[in-house]
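**Q** Top to bottom, those sequences are chains A and B.
If you're matching positions, the first sequence starts at 368 in the working numbering and goes up one per residue.
If you're matching positions, the second sequence starts at 96 in the working numbering and goes up one per residue.
Where is the CB? At the ideal position from N, CA and C, for every residue including glycine.
Submitted below is the structure of interest, expressed as structure tokens.
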Amino acid sequence: MSDTAIIIPMYNEELTIKEVVLELQAKYPDFEIIIVDDGSTDNSYNQAKIKGVWLIKHIVNLGQGAAIQTAIEFAMRKNIKYIITFDGDGQHNADDIKEFIQTLKSGYDIVLGSRFLGKAENIGVLKKYFLKLSRVFTFFSTGIWLTDSHNGFRAINISNPNFILRENRMAHASEIIDLIKELNMKYIEKPCTIRYTNYSLQKGQSISNAIGIIIEYIIGRLTK
Amino acid sequence: MIIVKIFLLFLLTLGFVIFGFSIKLKNFQRLVVIFGYFTLFIFIINPSLSDKVAHFFGIGLGSSLVIYITIGVISLLNIILFVDTKMNKDAITKIVREMGIEHAKKI
Chain A
368 MSDTAIIIPM
378 YNEELTIKEV
388 VLELQAKYPD
398 FEIIIVDDGS
408 TDNSYNQAKI
418 KGVWLIKHIV
428 NLGQGAAIQT
438 AIEFAMRKNI
448 KYIITFDGDG
458 QHNADDIKEF
468 IQTLKSGYDI
478 VLGSRFLGKA
488 ENIGVLKKYF
498 LKLSRVFTFF
508 STGIWLTDSH
518 NGFRAINISN
528 PNFILRENRM
538 AHASEIIDLI
548 KELNMKYIEK
558 PCTIRYTNYS
568 LQKGQSISNA
578 IGIIIEYIIG
588 RLTK
Chain B
96 MIIVKIFLLF
106 LLTLGFVIFG
116 FSIKLKNFQR
126 LVVIFGYFTL
136 FIFIINPSLS
146 DKVAHFFGIG
156 LGSSLVIYIT
166 IGVISLLNII
176 LFVDTKMNKD
186 AITKIVREMG
196 IEHAKKI
């Protein structure tokens with residue numbers, strides 16, 4: 368079994384998941400692919416039944432953070448050391464994975480994707496500035512300055528057993544930055560490409576959701 | 096006025112019974128809830144008493160004292176419910192995760 372896995376949290380991605388996985392398999396045949404179906408209500412689970420893929424199902428929807436943590440726990444039990452978190456909606460660019468994994472294996476604990484060092488295709492103006500503003504929030508809450516603090520594309524060395532995500536929903540992105548500080552993880556940002564399509568924009572987080580995520584994150588920290 | 100009092104007492108008692116018997120409380124929390132219940136119960140039956148107690152504490156109006164106690168009790172109940180919900184949510188997450196991993200399969 369490979370020591371590297373691509374993790375895909377999936378919730379109602381029946382239109383894109385097959386294409387995303389087939390591309391990943393073609394480009395990275397040596398990597399394990401772990402899909403966590405987070406209680407999808409459409410046909411995603413059947414669409415994700417692709418030869419060679421590890422498929423895990425949450426019987427109810429818990430959230431992206433929970434799906435990633437499930438995949439991490441599963442990967443740890445399979446002695447997988449390196450993971451890449453990859454969206455199932457086709458937003459991320461499979462070509463970026465190679466460099467991220469190489470950088471991670473060169474001695475980093477986590478490699479964070481940055482759409483502002485790379486490309487953010489078709490990003491809305493409001494979203495762009497809101498994401499930039501969120502860097503300030505991240506800086507004040509963790510002391511870590513990033514160019515893109517809420518990017519779902521990242522490579523992580525999961526050999527530290529204390530790397531545990533407790534935030535079930537989208538606040539896990541901020542929690543990861545907290546863990547970088549708490550666990551003194553060696554990190555680096557790398558450029559990546561995020562492709563905003565009509566489909567991904569429809570499924571993605573709105574600005575109002577983002578406020579909910581901030582509140583969820585603050586409550587999470589207070590009740591930790 | 097009697098009907099309003101009966102209705103309020105009914106609501107207060109119902110809330111107290113549901114809360115007191117459906118959620119596991121710590122001793123301190125139980126004491127606050129019991130104190131809040133009986134205080135509000137007495138103030139509903141005898142509103143003028145709240146003026147005397149309020150005066151004793153230098154608050155002025157009895158109705159203000161009732162509002163303060165209510166805010167305190169409701170806030171505590173809110174926190175207790177939040178913690179209880181969070182514990183349930185964490186347990187559900189653990190169960191769903193274990194089930195998922197246990198039934199994971201390579202296609």
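(1) If you draw a straight line from the alpha carbon of C559 of chain A to that of S117 of chain B, how long is it in whole angstroms?
(2) Is the distance from the Cβ of L172 of chain B to the Cβ of I139 of chain B below 9 Å?
(3) With DSSP run on the structure shown, which of helix, strand or coil describes T203 of chain B?
(4) Comparing the C-beta of A199 of chain B with each C-beta of chain A, is any distance below 9 Å?
(5) When you compare only the Cα positions, how much space is there between E440 of chain A and G406 of chain A?
(6) Kindly list, in the order they appear in chain A, the residues whose Cβ is closer than 8 Å to that of T188 of chain B.
(7) Measure the C-alpha to C-alpha separation of T505 of chain A and I511 of chain A and round it to an integer number of angstroms.
(8) Hey, how far is the Cα of M443 of chain A from the Cα of L513 of chain A?
(9) Using 10 angstroms around the beta-carbon of D185 of chain B, count the other beta-carbons present and answer buried if the total reaches 16, otherwise exposed.
(10) Check whether the Cβ of G480 of chain A lies closer than 9 Å to any Cβ atom in chain B.
(11) Is it right to say S516 of chain A is buried, meaning 16 or more other beta carbons lie within 10 angstroms of its own, or is it exposed?
(12) Along chain C, in chain order, which residues have C-beta atoms closer than 9 Å to that of I202 of chain B?
(13) Does any CB atom of chain A fall closer than 9 Å to the CB of M96 of chain B?
(14) For T408 of chain A, decide whether its Cβ has a neighbour in chain B, counting only Cβ atoms nearer than 9 Å.
(15) Let me check one thing: in DSSP terms, what residues is V403 of chain A bridge-paired to?
(16) Who are the neighbours of M194 of chain B on chain A, taking C-beta pairs under 7 Å?
(17) Note the first and the last residue of the continuous alpha helix (DSSP H) segment covering G432 of chain A.
(18) Do we get a CB-CB distance below 9 Å when we pair V191 of chain B with the residues of chain A?
(19) Provide the residue span of the beta strand (DSSP E) that contains K486 of chain A, from first to last.
(20) Could you check whether the Cβ of R502 of chain A sits closer than 9 Å to any Cβ belonging to chain B?
(21) For T134 of chain B and I97 of chain B, which I take to be in contact (beta-carbon distance under 8 Å), what is that distance rounded to the nearest angstrom?
(22) Taking the DSSP output, what are the residues bridged to I561 of chain A?
(23) Can you name the start and end residues of the beta strand (DSSP E) that T452 of chain A belongs to?
(24) N524 of chain A lies in the beta strand (DSSP E); which residues open and close that run?
(25) Can the beta-carbon of V387 of chain A be found closer than 9 Å to that of G480 of chain A?
(26) If we count Cβ pairs, one from each stretch, closer than 8 Å, do we get three or more for the stretch 180–196 of chain B versus the stretch 419–434 of chain A?
**A** Taking the definition as stated:
(1) Their Cα atoms are separated by approximately 50 Å.
(2) In this structure, L172 of chain B keeps its C-beta atom at 9 Å or more from the C-beta atom of I139 of chain B.
(3) Beyond the ends of chain B as shown, which are 96 and 202, falls residue 203 of chain B; an answer cannot be given.
(4) Taking 9 Å as the CB threshold, A199 of chain B lines the interface with chain A.
(5) One C-alpha to the other measures close to 18 Å.
(6) In chain order: L429, A433, N535.
(7) Between the C-alpha atoms of T505 of chain A and I511 of chain A there is a straight-line separation of about 7 Å.
(8) Spanning the two alpha carbons is a distance of roughly 28 Å.
(9) It is exposed - the Cβ of D185 of chain B has fewer than 16 other Cβ atoms within 10 Å.
(10) No, no contact with chain B.
(11) S516 of chain A comes out buried.
(12) Of the protein chains in this structure, namely A and B, none is chain C.
(13) No, M96 of chain B does not count as interfacial toward chain A.
(14) Not a single C-beta of chain B is nearer than 9 Å to the C-beta of T408 of chain A.
(15) As DSSP reads the structure, V403 of chain A sits in a beta bridge with A:P376, A:I423.
(16) Within chain A, the residues near M194 of chain B are I426.
(17) Taken as a continuous stretch (DSSP letters only), the alpha helix (DSSP H) holding G432 of chain A covers 431–444.
(18) Yes, its Cβ sits closer than 9 Å to a Cβ of chain A.
(19) In the DSSP assignment, K486 of chain A falls within the beta strand (DSSP E) that extends over 477–488.
(20) No, R502 of chain A does not count as interfacial toward chain B.
(21) Actually they do not touch by this definition, with Cβ atoms about 21 Å apart.
(22) Paired residues: A:H459, A:A487.
(23) T452 of chain A -> beta strand (DSSP E) spans 449–452.
(24) Looking at the DSSP string, the run of the beta strand (DSSP E) that includes N524 of chain A is 521–524.
(25) Not a contact, by the Cβ cut-off of 9 Å.
(26) As far as the Cβ criterion goes, the stretch 180–196 of chain B touches the stretch 419–434 of chain A, which means the pair count is three or higher.
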